[in-house]
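A.B. asks:
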Amino acid sequence: MGKRTDAPSNRARLRRMYERGSYDDESVYALLDVLPLAHVGYVLDGAPVVTPTFQWREGNHVYWHGSSASRMLRKAEGTEVCLTASALDGFVLARSGFHHSVNYRSVTLFGTARKIEDAGAKEARLKAFVDGLFPGRWEMLREMTGQELKATTILSMPINEASAKVRTGGPVDNEEDYALPIWAGVLPLAQQTMPLQADPRNMDGVTPPDHVTNFKLG
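Take 2 as the starting number for the sequence shown in the working numbering and just add one per residue.
1. For residue 151, which residues in the same chain have their Cβ closer than 6 Å to its Cβ, ignoring the five residues on either side in sequence?
2. Could you check where the beta strand (DSSP E) with residue 55 kicks off and where it finishes?
3. Contact between the stretch 110 to 118 and the stretch 70 to 88: three or more CB pairs below 8 Å?
4. Tell me whether residue 62 sits in a helix, a strand or coil according to DSSP, three-state version.
5. Consult DSSP for residue 135 and reduce its assignment to one of helix, strand or coil.
6. Under 8 Å, do residue 58 and residue 30 count as touching if we go by C-beta distance?
7. Runs of 3 residues minimum, wholly inside the stretch 66 to 97: which ones carry the beta strand (DSSP E) assignment?
8. Just the Cα atoms here: how many angstroms apart are residue 3 and residue 198?
9. Using the Cα positions of residue 79 and residue 130, report the straight-line distance between them to the nearest angstrom.
10. For residue 107, does the three-state DSSP call read helix, strand or coil?
11. For residue 64, count neighbouring Cβ atoms within 10 angstroms of its own Cβ and tell me buried if that reaches 16, exposed if not.
12. Roughly how many whole angstroms lie between the Cα atoms of residue 68 and residue 205?
13. Is residue 104 buried or exposed, if buried means 16 or more other CB atoms sit within 10 Å of its CB?
14. Can you have a look at residue 93 and say buried or exposed, based on whether 16 or more other CB atoms are within 10 angstroms of its CB?
15. Pick helix, strand or coil for residue 214, following the three-state DSSP scheme.
16. If I'm right that residue 42 touches residue 51 with Cβ under 8 Å, what's the distance once you round it to whole angstroms?
17. Pull the bridge partners of residue 41 from the DSSP assignment, please.
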């Protein structure tokens, strides 16, 4: 499938460096599935507010959750929001300050947030959240209580207005600057897992399951 080149809406349209972007579901979904940390922007009492959150995707919807006591999540129901997720993949060092840049992956979504009300649907979404990261873990856990479900708010948004944007590669300098004796290139960055830190209150003989030891984001 080729990249979709027409924006789904005017507000989702990329205007700067648009050649780095795409609007097709495949590109948008691929980034959402490997960039779990997102930022969601709302207008709350007439003022803009942006909060970090953890997002996950199921089909053509994106979900995020938090405490039912959160005033922001309560206010977000039925309102227009903007959700972004991104990763910094490297610093791009050029031969002039102007041409320094970064390599990155990013995705931006616009839409209306809707709250998941049904307890069964909420639990199914949370199962997808956990198993999406750690396949099979949900069945290992104790059942959620009714109070825990009541204390959790889950918001959803259809992925109808979205854009993906990615920069890769080295610096792009002015032609005459390539003759300067200045080092230029890319300092790559990567996210990686570290050695496990077991809870000291684990029962004796309990070992980490495969979905932990073999974890790989995306």
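Ideal placement from N, C-alpha and C gives every residue a C-beta, glycine not left out.
Being a predicted model, the structure only gives us computed values, none of them experimental.
C.D. replies: Reading from the atomic positions:
1. Residue 151 sits at position 150 when you count from the first residue of the sequence shown. Counting only Cβ-Cβ distances below 6 Å, and skipping sequence neighbours, we find nothing.
2. Within the sequence shown, the letter at position 54 stands for residue 55. 48 to 59 is the extent of the beta strand (DSSP E) around residue 55.
3. yes
4. Locating residue 62 in the sequence shown gives position 61, counting from the first residue. Correct three-state label for residue 62: strand.
5. Stepping through the sequence shown from its first residue, residue 135 is reached at position 134. Note: residue 135 maps to coil in three-state DSSP.
6. Taking the sequence shown and counting its residues from 1, the one referred to as residue 58 is at position 57. Taking the sequence shown and counting its residues from 1, the one referred to as residue 30 is at position 29. Yes.
7. 81 to 94
8. Position 2 of the sequence shown, counted from the start, is the residue given in the question as residue 3. Position 197 of the sequence shown, counted from the start, is the residue given in the question as residue 198. The predicted model places residue 3 with a pLDDT of 49, which falls under 50 and marks its position as unreliable, so this point remains unresolved.
9. Taking the first residue of the sequence shown as position 1, residue 79 is located at position 78. Taking the first residue of the sequence shown as position 1, residue 130 is located at position 129. C-alpha separation (whole angstroms): 22 Å.
10. Position 106 of the sequence shown, counting from 1, holds the residue named residue 107. Here residue 107 sits in strand by DSSP.
11. Numbered from 1 along the sequence shown, position 63 holds the residue referred to as residue 64. That one is buried.
12. The residue labelled residue 68 in the question sits at position 67 within the sequence shown. The residue labelled residue 205 in the question sits at position 204 within the sequence shown. Rounded to the nearest angstrom, the two C-alpha atoms are 33 Å apart.
13. Counted from its first residue, the sequence shown places residue 104 at position 103. Buried, by the Cβ-count rule.
14. Within the sequence shown, residue 93 is the residue found at index 92, counting from 1. Buried: at least 16 other Cβ atoms inside 10 Å.
15. Against the sequence shown, residue 214 aligns to sequence position 213. Helix.
16. As a first step, residue 42 is located in the sequence shown; it is residue number 41 there, counting from the start. As a first step, residue 51 is located in the sequence shown; it is residue number 50 there, counting from the start. Confirmed, Cβ separation roughly 5 Å.
17. By one-based count along the sequence shown, residue 41 stands at place 40. Answer is 52 and 84, bridged to residue 41.
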